[in-house]
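Number of protein chains: 2
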Amino acid sequence: MPHSTHVTLAQVAAAAGVSIATASRAINGSTRKVSEDIRQRVAQTAEELGYLPNLSAQTVVKGAAPVVAVLVSDIADPYFSSISAGVMAGAREAGLMVTMATSERRSEDELEMIRTFRAQRPRAIIVVGSRQEPDERTAEIENQLQTYRDSGGHVVLISQGPSPFDLVEIQNYDGAKQLAHALVDRGGRSFGIAAGRRSLRTNVDRIAGFTDGLAERGLSLADGAIAEAPFTRDGGFTAMTELLGRREELQLDTVFATSDLMAFGAATAMRSAGVIPGQDISLAGFDNIALAEDVTPALTTVDVPLEEAGYRAVKLALAEDPAPESLQLGTSVILRGSTPQR
Amino acid sequence: MPHSTHVTLAQVAAAAGVSIATASRAINGSTRKVSEDIRQRVAQTAEELGYLPNLSAQTVVKGAAPVVAVLVSDIADPYFSSISAGVMAGAREAGLMVTMATSERRSEDELEMIRTFRAQRPRAIIVVGSRQEPDERTAEIENQLQTYRDSGGHVVLISQGPSPFDLVEIQNYDGAKQLAHALVDRGGRSFGIAAGRRSLRTNVDRIAGFTDGLAERGLSLADGAIAEAPFTRDGGFTAMTELLGRREELQLDTVFATSDLMAFGAATAMRSAGVIPGQDISLAGFDNIALAEDVTPALTTVDVPLEEAGYRAVKLALAEDPAPESLQLGTSVILRGSTPQR
DNA sequence: AGCCTAAAGGAAAACGTTTACCCTATGCAA
DNA sequence: TTGCATAGGGTAAACGTTTTCCTTTAGGCT
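So the protein lines, in turn, are chains A and B. The letter at position 73 of the first sequence is residue 73 when you use the working numbering, and the numbering goes up by one with no holes. The letter at position 218 of the second sequence is residue 218 when you use the working numbering, and the numbering goes up by one with no holes.
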């Protein structure tokens, strides 16, 4: 039995002895004015009856829902949840709701979720960094986003340019390069990288930045010094285990994990192999998630303003400017105990 | 310019040469059948035109949105984001979207968000563990949820009974009690608790369970052995610092932090005071969040099936059974290096 | 007094769906 | 042949809003 007990605007209007039109204007405002006494009377009856406007009905006539939709890979991952926190803060400021979906890192789900988003007519769609290498499915996704934007929606991609959409970019390349410099300064000479899949741009950029940073210091990576695995905590464990298998031949003294989460897994992998992170082998991550300073040794990493990225994405989406914009968010190296001077 | 380029059902119907009713039945099914050839033709034109049903319009007539709404305190907190992950999994199985809001642990915001939720006519509202001590505002919140349920909605509270609503409860009391036993078995004698605010039931239960567990072993807490602070990582730091100030008088050998996050903060507080966690003072947490095993020393804690809690909450909300149900999720102690045998 | 304008209320048309109801053709039993 | 059920199409009413007009009233000018 739907439509059961919801109080409708018509009921409020009747109870207040005015027309529906007037009630609407009194409650949700409009260009048109309503005399103060009537406005008050309507507001009061609405309050008494416990009236709540039906958002869907408003959306149908207005053509857009007061909603920003966010697509992330995995909300349990602190990287994404931090960004989400920023999105929610921005949405709240703008008086919008947030609908969220996870793609579980599968592009078929990503496509499906974006179609569902579109059906909701949200004010903006924000897609967070799960961009894969282009294939026919990502093309279709881009297509969906295009037509969504053509129909008046706003699209912002976080950490995955280049693209025709608004971008909030994180300086992965620069950050990784600076990290490389810092690690060399700390005495690192033989490096390994515990990397997430290179199908994700984020990883590609971090690897490239790091490699180039080493090159600028006259160093290079040995063959097999990059171990690739899923971009998760467990992936870090796997990749590190693989690197440790080549420890002698690589003469590993420092490992860069392309995310803090991977670094955590890597540290645990080291310990289970009897290697002490920060002592036997230096370890650095990327992202500076909340817990990076709480582990032992505290993790050297690159600070990324994740929450700000989410926040700015909303602002960008809601800005007037029709020209596609790209926002660069700076990163900064944070040296901690996991990479002592050698 | 709203209503701009969205393809409508009427357009599809026209293009396919059928009535709107038939198009509707062909695309979204119903009790009524549609001949196979027409169904195909409509489906194909819809595809060609890129038709997407307007969810809001459907919601208006159906009376409920295909949505489950989730209210959490802070999505960046791994406790809440893990639960959210479970909710999203459950929602996806049921073919529902998820709209999420954060209360930032303020009950005024909580009230506001719940009203906004209601305006959306979601199929279910799930509120996660931010329940405070009863006051006039929480009463109003309960009120809102009541009338929401009366109008056909489903409400599930996670980790915050007792209440007239469906409940997914986490055995905080039992888990904490078992943890106390285990810590005594490991040789702990003088305990401290770094606790979150007792305005949250979760904390009350965990403290009570732990205290009672100690009592069952003939031990009791000294005066001032409970330090209360915000239920966050920083709160853990604060509470631990406070406990360390009374270290001598308390003869502290073991500290229980009422969440893993607090435990992380507590560990860092120890180290900044020159105390080595797990060696000088044993440390245990609660929740078993993903990173608990990656810190050093690995954190002894109580495993809580967070993701399952979220998942089950959705199932519970969507179940037929009208009688309020309460689901108990078991916990289990996980002993790790932070609480060595003494 | 007469006229015009502005202010503010109401009636009704939209918005994009679903669904109750109506209509026609077809098949089948008597 | 008649009667009748049924399958499957269409028309139009609903859902709860906003907004476009239309209408009335009041007030200010000349």
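Ideal Cβ placement from N, Cα and C applies to all residues, glycine included.
Apart from the five residues on each side of it in sequence, which residues of its chain come closer than 8 Å, Cβ to Cβ, to residue i?
| i | result |
| --- | --- |
| residue 273(B) | 241, 244 |
| residue 277(B) | 266, 267, 270, 271, 283, 297, 338 |
| residue 69(A) | 98, 99, 100, 101, 117, 120, 122, 124, 125, 126 |
| residue 144(B) | 111, 114, 115, 118 |
| residue 312(B) | 86, 90, 168, 327, 329 |
| residue 320(B) | none |
Select from the options the residue whose C-alpha is nearest the C-alpha of residue i.
| i | options | result |
| --- | --- | --- |
| residue 185(B) | 295(B), 233(B), 254(B) | 254(B) |
| residue 60(A) | 311(B), 15(B), 6(B) | 6(B) |
| residue 345(A) | 237(A), 177(A), 77(A), 196(A) | Given that chain A is displayed from residue 1 to residue 342, the structure contains no residue 345(A) and the question cannot be resolved. |
| residue 50(B) | 28(B), 41(B), 308(B), 12(B) | 12(B) |
| residue 151(A) | 52(B), 106(B), 190(B) | 52(B) |
| residue 234(B) | 261(A), 232(A), 229(A), 293(A) | 293(A) |
| residue 187(A) | 316(A), 217(A), 196(A), 66(A) | 217(A) |
| residue 331(B) | 320(B), 318(B), 288(B) | 288(B) |
| residue 14(A) | 38(A), 29(A), 307(A) | 38(A) |
| residue 170(B) | 79(B), 304(B), 27(B), 263(B) | 304(B) |
| residue 295(A) | 264(A), 48(A), 156(A), 321(A) | 264(A) |
| residue 76(B) | 340(A), 308(A), 319(A) | 308(A) |
| residue 223(B) | 192(B), 236(B), 215(B) | 192(B) |
How many angstroms separate the CA atom of residue i from the CA atom of residue j?
| i | j | result |
| --- | --- | --- |
| residue 64(B) | residue 333(B) | 42 Å |
| residue 100(B) | residue 251(A) | 48 Å |
| residue 9(B) | residue 18(B) | 11 Å |
| residue 323(A) | residue 194(B) | 52 Å |
| residue 249(B) | residue 158(B) | 39 Å |
| residue 202(B) | residue 239(B) | 17 Å |
| residue 83(B) | residue 16(A) | 44 Å |
| residue 336(B) | residue 299(B) | 6 Å |
| residue 22(A) | residue 55(B) | 27 Å |
| residue 221(B) | residue 258(B) | 15 Å |
| residue 106(A) | residue 62(B) | 31 Å |
| residue 199(B) | residue 44(A) | 34 Å |
| residue 301(B) | residue 81(A) | 23 Å |
| residue 2(A) | residue 79(A) | Here the model assigns residue 2(A) a pLDDT of 40, short of 50, so the residue's position is not dependable, and the following value carries that caveat. Spanning the two alpha carbons is a distance of roughly 40 Å. |
| residue 160(A) | residue 128(A) | 8 Å |
| residue 140(A) | residue 96(A) | 28 Å |
| residue 36(A) | residue 66(A) | 27 Å |
| residue 247(A) | residue 225(A) | 9 Å |
| residue 280(A) | residue 340(A) | 10 Å |
| residue 94(B) | residue 156(B) | 16 Å |
| residue 164(B) | residue 137(B) | 17 Å |
| residue 147(A) | residue 146(B) | 41 Å |
| residue 285(A) | residue 57(B) | 47 Å |
| residue 260(B) | residue 183(B) | 16 Å |
Looking only at its own chain, which residues have a Cβ that is under 6 Å from the Cβ of residue i, when we skip the five neighbours before and after it?
| i | result |
| --- | --- |
| residue 210(A) | 176, 180, 256 |
| residue 306(A) | 82, 83 |
Which same chain residues, not among the five before or five after residue i, have their C-beta less than 7 Å away from its C-beta?
| i | result |
| --- | --- |
| residue 103(B) | 71, 73, 109, 110, 113, 130 |
| residue 25(B) | 32, 34 |
| residue 173(A) | 205, 208, 209 |
| residue 212(A) | 177 |
| residue 41(B) | 16 |
| residue 197(B) | 203, 228, 230, 231 |
| residue 46(A) | 12, 27 |
| residue 315(A) | 90 |
Exercise. Return the chain-ordered ranges of every alpha helix (DSSP H) run that is complete within the stretch 268-302 of chain B and spans a minimum of 4 residues.
Key: none
Self-check item: Where the stretch 75-92 of chain B meets chain A: residues whose CB sits under 7 Å from a CB there
Solution: 75, 76, 78, 81, 82, 84, 85, 88
Exercise. Taking a Cβ distance cut-off of 9 Å, strictly less, list which residues of the stretch 117-130 of chain B are near chain A, in chain order.
Key: Residues are counted here when their Cβ sits less than 9 Å from a Cβ of chain A; for the stretch 117-130 of chain B these are 117, 118, 119, 120, 121, given in chain order.
Exercise. Name, going along the chain, the residues of the stretch 153-180 of chain A whose beta-carbon falls closer than 9 Å to a beta-carbon of chain B.
Key: none
Exercise. Quick one: which residues of the stretch 28-46 of chain B get their C-beta closer than 7 Å to a C-beta of chain A? List them in chain order.
Key: Here the close residues number zero.
Quiz prompt | Interface positions of the stretch 228-242 of chain A facing chain B (Cβ-Cβ less than 8 Å), listed along the chain | solution = Shown in chain order are the members of the stretch 228-242 of chain A whose Cβ falls below 8 Å from a Cβ of chain B: 233.
Exercise. Quick one: which residues of the stretch 48-71 of chain A get their C-beta closer than 7 Å to a C-beta of chain B? List them in chain order.
Key: 50, 52, 53, 54, 55, 56, 57, 59, 60, 62, 63, 64, 65
Quiz prompt | alpha helix (DSSP H) runs contained entirely in the stretch 209-272 of chain A, provided each spans 4 or more residues | solution = For the stretch 209-272 of chain A, the continuous alpha helix (DSSP H) assignments of 4+ residues that do not extend past its boundaries occur at 233-245, 247-250, 260-272, in sequence order.
Self-check item: Residues, ordered as in the chain, of the stretch 250-276 of chain B that lie near chain A by beta-carbon distance below 8 Å
Solution: 264, 265, 267, 268, 271
Practice problem: Scan the stretch 131-148 of chain A for residues whose Cβ lies nearer than 8 Å to a Cβ of chain B and list them as they occur along the chain. | Solution: 147
Exercise. Note down, one range per segment and in chain order, each beta strand (DSSP E) of at least 3 residues found wholly within the stretch 104-139 of chain A.
Key: Listed in chain order, the complete beta strand (DSSP E) runs (minimum 3 residues) inside the stretch 104-139 of chain A are 122-128.
Exercise. Note down, in chain order, all residues in the stretch 280-291 of chain B with a beta-carbon under 7 Å from any beta-carbon belonging to chain A.
Key: 290, 291
Exercise. Select from the stretch 293-308 of chain B all residues with a C-beta closer than 9 Å to any C-beta belonging to chain A, and list them in chain order.
Key: 293, 294, 295, 296, 297, 298, 306, 307
Quiz item: Going along the chain, which residues of the stretch 203-221 of chain B sit with their C-beta nearer than 8 Å to a C-beta in chain A?
Solution: none
Self-check item: Near-chain A residues of the stretch 98-118 of chain B (beta-carbon distance less than 8 Å), N- to C-terminal order
Solution: 98, 99, 100, 101, 102, 115, 116, 118
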